[in-house]
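**Q** Counting from 1 along the sequence shown, just add 7 to a position and that's the residue number in my numbering. Using N, Cα and C, we set each Cβ at its ideal position, and we do this for glycine too.
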Amino acid sequence: MKRLLLFLLAFVGLSAQSQLVSGPMLGPVELRDAVIWVEVGPRTKSVRLQLFDPTIGIPKPPARVVHNNMGWISYKGPLGNASNPIALRIPDLQPAKTYHYRILLDGKEAAIGTFTTKDLWQWRKPAPDFSFLTGSCAYFNEPVYDRPGTPYGGDSSIFLAMAKEKASFMLWLGDNWYYREVDFFSATGLRYRARRDRAQPVLQPLLKAMPHYAIWDDHDFGPNDGDKSFVLKEESRRIFLDYWPNHSAGENEQGIYTKMSYGDVDIFMMDDRWFRSANNMDELVDGTPNAAKRMWGPQQMEWLKNALVNSTATFKIIATGNQTLNPKARAECLQDYPIEFNELMQFLAAEKITGLLLFTGDRHHSEVIRYERAGTYPLFDVTNSPLTSGISRVSGDEKDNAARVSGTLVEVQNYTRVTVAGPKGARRLQTEFLDISGKVLATWSVSETELKAR
Ligand SMILES: [Fe+2]
Numbered sequence: 008m009k010r011l012l013l014f015l016l017a018f019v020g021l022s023a024q025s026q027l028v029s030g031p032m033l034g035p036v037e038l039r040d041a042v043i044w045v046e047v048g049p050r051t052k053s054v055r056l057q058l059f060d061p062t063i064g065i066p067k068p069p070a071r072v073v074h075n076n077m078g079w080i081s082y083k084g085p086l087g088n089a090s091n092p093i094a095l096r097i098p099d100l101q102p103a104k105t106y107h108y109r110i111l112l113d114g115k116e117a118a119i120g121t122f123t124t125k126d127l128w129q130w131r132k133p134a135p136d137f138s139f140l141t142g143s144c145a146y147f148n149e150p151v152y153d154r155p156g157t158p159y160g161g162d163s164s165i166f167l168a169m170a171k172e173k174a175s176f177m178l179w180l181g182d183n184w185y186y187r188e189v190d191f192f193s194a195t196g197l198r199y200r201a202r203r204d205r206a207q208p209v210l211q212p213l214l215k216a217m218p219h220y221a222i223w224d225d226h227d228f229g230p231n232d233g234d235k236s237f238v239l240k241e242e243s244r245r246i247f248l249d250y251w252p253n254h255s256a257g258e259n260e261q262g263i264y265t266k267m268s269y270g271d272v273d274i275f276m277m278d279d280r281w282f283r284s285a286n287n288m289d290e291l292v293d294g295t296p297n298a299a300k301r302m303w304g305p306q307q308m309e310w311l312k313n314a315l316v317n318s319t320a321t322f323k324i325i326a327t328g329n330q331t332l333n334p335k336a337r338a339e340c341l342q343d344y345p346i347e348f349n350e351l352m353q354f355l356a357a358e359k360i361t362g363l364l365l366f367t368g369d370r371h372h373s374e375v376i377r378y379e380r381a382g383t384y385p386l387f388d389v390t391n392s393p394l395t396s397g398i399s400r401v402s403g404d405e406k407d408n409a410a411r412v413s414g415t416l417v418e419v420q421n422y423t424r425v426t427v428a429g430p431k432g433a434r435r436l437q438t439e440f441l442d443i444s445g446k447v448l449a450t451w452s453v454s455e456t457e458l459k460a461r
């Protein structure tokens, strides 16, 4: 009888676990609240989250609720669909405190985890030293639908190396999954891809280890080199929102651009697809930049300008899918959209924006590009790619690109560790490209004193 009881208990426990499709993943973790994301299976009837104090032990319902005025967070939205991505927001937290949580599916524990809220350093102490991770281009093979021949996806164990980093967050720079030909023209196909890739076991430790923020590029928006004309872009945006619980997504239901901050760094997370004109549209009309050919679009550009001027951050990072400053780019680049490139350059100079850097992905290699500007400090574009998708070696006249910072080219799978540290007035931002085992392949750094507008 006792054996039967144990068997039944084990079975119930397993079935709760099996309903957990992916996650938990940490979304934004702020000073007073945090978002925990999970996806559950179609049979799940209820999803709840509970904070607990491990020194007291895991409470059994009805629990001794350690965190007062909250207790359980119960998910109130729809369930029972083929895909059930869920974001649970935990309110009323305290800054700089570690919390333990558990996820219950149909009353049974399916996962436990921890997170630490941000410190309230402003007006009290120096900006914290910290590091974060970034990267782009993640491809999980699915041979039945992949291109025939050599698999495009590489060694996924890179995500295990990343999970071991003591980083404050991970910033996904686009092509975070790859829609395929079988997915492009069906909403369920798009949703299948996001669900399948997110559920890969090798990804789970990273999802749980740190907060995640993301922008998209062409492959997790729609077809290769996709633009504003993609017919399922509305559905694609809904899926992005369902799978990435960023602070916000564009304005007026348009785009996915937003901003996040950590310490004295602001990151302006751009959408290079929603408003984008076709790559092959003429750059020039009668010898002057074509005003109709835009990558970010007027609405987003207006937002970016205001957000940059509004920012007091030491380092202001514009994160966008495509490279921005590379004169030799043999792929999509902001410079192919001269009306916007010129507008951005003129704005940065006129407003004397300090501390500006650009972070990009997409290229299937990593490098740092230096862009000289007359009368003011040079800009740098840190390109981070690929996490697991195929390598694209630089070729032709891009091989000896004079704009590339010497020693920064990486042509193997890699992720980036960004470290921001130092005393006020001499803060330094360092980027390291690391291989699948976490070994440093290239390092570059810049001081805030080198990024002062003149
Ligand atoms: Fe891309």
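Is the distance from the Cβ of Ala299 to the Cβ of Ser284 below 8 Å?
**A** yes
**Q** Can you pull the DSSP bridge partners for Pro430?
**A** Its beta-bridge partners do not exist; DSSP assigns none.
**Q** Out of Pro385, Gln420, Leu38 and Glu339, which has the shortest C-alpha to C-alpha gap to Glu455?
**A** Pro385
**Q** Take Ser243 as the anchor and find which of Gly160, Pro158, Asp289 and Pro230 has the nearest alpha-carbon.
**A** Distance from the Cα of Ser243 is smallest, within the candidate group Gly160, Pro158, Asp289 and Pro230, for Pro230.
**Q** Any contact of the stretch 151-159 with the stretch 420-437, i.e. 3+ C-beta pairs under 8 Å?
**A** no
**Q** Counting only runs that start and end within the stretch 208-249, where is the beta strand (DSSP E) found for 3 or more residues in a row?
**A** 219-221
**Q** Can you grab the Cα-Cα spacing for the pair Ala326 / Val401, in whole Å?
**A** 22 Å
**Q** Decide if Ile93 is buried, meaning its Cβ has at least 16 other Cβ atoms within 10 Å, or exposed.
**A** buried
**Q** Would you tell me roughly how many angstroms separate the C-alpha atoms of Leu86 and Thr51, rounded to the nearest one?
**A** 7 Å
**Q** In this structure, how does DSSP classify Thr456 when only helix, strand and coil are distinguished?
**A** helix
**Q** Given 7 Å as the limit, tell me if Gly397 has its C-beta closer than that to any heavy atom belonging to ligand 1.
**A** Relative to ligand 1, the beta carbon of Gly397 is positioned no closer than 7 Å to any heavy atom.
**Q** Tell whether a beta-carbon distance below 8 Å holds between Gly328 and Trp184.
**A** no
**Q** With DSSP as the reference, label Met288 as helix, strand or coil.
**A** coil
**Q** Given 8 Å as the limit, is there contact between the stretch 169-186 and the stretch 213-221, that is, 3 or more CB pairs closer than that?
**A** yes
**Q** Closer than 7 Å: is that where the CB of His226 sits relative to any heavy atom of ligand 1?
**A** It does: the Cβ of His226 is within 7 Å (strictly closer) of some heavy atom of ligand 1.
**Q** Less than 8 Å separating the beta-carbons of Ile346 and His371?
**A** no
**Q** Identify which residue in Leu210, Ser236, Gly382 and Phe137 has its Cα closest to the Cα of Ser427.
**A** Note on residue identity: the sequence assigns Val, not Ser, to residue 427. Out of Leu210, Ser236, Gly382 and Phe137, Phe137 has the C-alpha closest to the C-alpha of Val427.
**Q** Is the stretch 362-376 touching the stretch 111-128, taking contact as three or more C-beta pairs under 8 Å?
**A** Flag = no, the stretch 362-376 and the stretch 111-128 do not touch.
**Q** Does the pairing of the stretch 440-459 with the stretch 308-319 give three or more beta-carbon distances under 8 Å?
**A** no
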